Amino acid sequence: MKNNDDYKNKLSEDAFKVCRLAATEQPFSGIYNDHWQQGTYYCVCCEQSLFTSESKFDAGCGWPSFFANIASQVAFITDYSHGMQRVEIQCQNCQSHLGHVFDDGPKPTGKRYCVNSLSLNFQPK
756 MKNNDDYKNK
766 LSEDAFKVCR
776 LAATEQPFSG
786 IYNDHWQQGT
796 YYCVCCEQSL
806 FTSESKFDAG
816 CGWPSFFANI
826 ASQVAFITDY
836 SHGMQRVEIQ
846 CQNCQSHLGH
856 VFDDGPKPTG
866 KRYCVNSLSL
876 NFQPK
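Quick note on the working numbering: the sequence shown kicks off at 756 and runs consecutively.
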């Protein structure tokens with residue numbers, strides 16, 4: 756496990772704010788929002804596989820959205836920030852902030868994993 760100083764050296768300033776300080780990138784600004792190439796999305800901090808292109812869909816919310824994660828790769832944390840209750844999603848391996856999950860996604864899961872592009876790397880098939 757790295758400390759935040761290690762991540763400051765590895766990540767851009769904006770990616771550090773998102774991944775290690777739980778900030779949110781501006782909607783429709785991320786490189787993976789309108790990205791439809793086949794492959795796998797990985798944690799930018801530790802390279803743990805998180806999502807596949809097969810579960811990506813266009814939610815119209817301004818962030819990359821997935822209806823499923825790769826089993827056991829994402830942790831779920833209750834988040835009471837901003838005066839509401841949500842479920843934060845983090846990389847199970849390094850606790851990097853990814854975004855939030857909501858119950859308004861498509862079948863088969865009904866979930867919408869709303870993810871910051873800055874928290875991801877992509878590897879094509």
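Idealized CB from N, CA, C, for every residue including glycine.
Quick caveat, the model's predicted, so the values are computed rather than measured.
Residue i: first and last residue of the uninterrupted beta strand (DSSP E) it sits in
| i | result |
| --- | --- |
| TYR796 | 794-798 |
| ALA814 | Taken as a continuous stretch (DSSP letters only), ALA814 belongs to no beta strand (DSSP E), as it is neither H nor E. |
| ALA830 | 829-834 |
| ILE844 | 841-846 |
| PHE806 | 804-807 |
Residue from the options whose Cα sits closest to the Cα of residue i
| i | options | result |
| --- | --- | --- |
| GLN840 | PHE831, CYS846 and ASN848 | PHE831 |
| VAL870 | SER836, LYS765, CYS846 and LYS757 | CYS846 |
| CYS816 | GLN792, CYS800, GLY854 and THR795 | GLY854 |
| SER810 | TRP818, THR795 and GLU802 | THR795 |
Burial state of residue i (16 or more Cβ within 10 Å)
| i | result |
| --- | --- |
| PHE806 | buried |
Touch test, the stretch 818-826 against the stretch 766-776, Cβ-Cβ under 8 Å, three pairs minimum: no
Entirely enclosed beta strand (DSSP E) segments - the stretch 850-878, minimum 3 residues: 852-857 and 867-870
Beta strand (DSSP E) segments (min. 3 residues) lying fully within the stretch 757-802: 794-798
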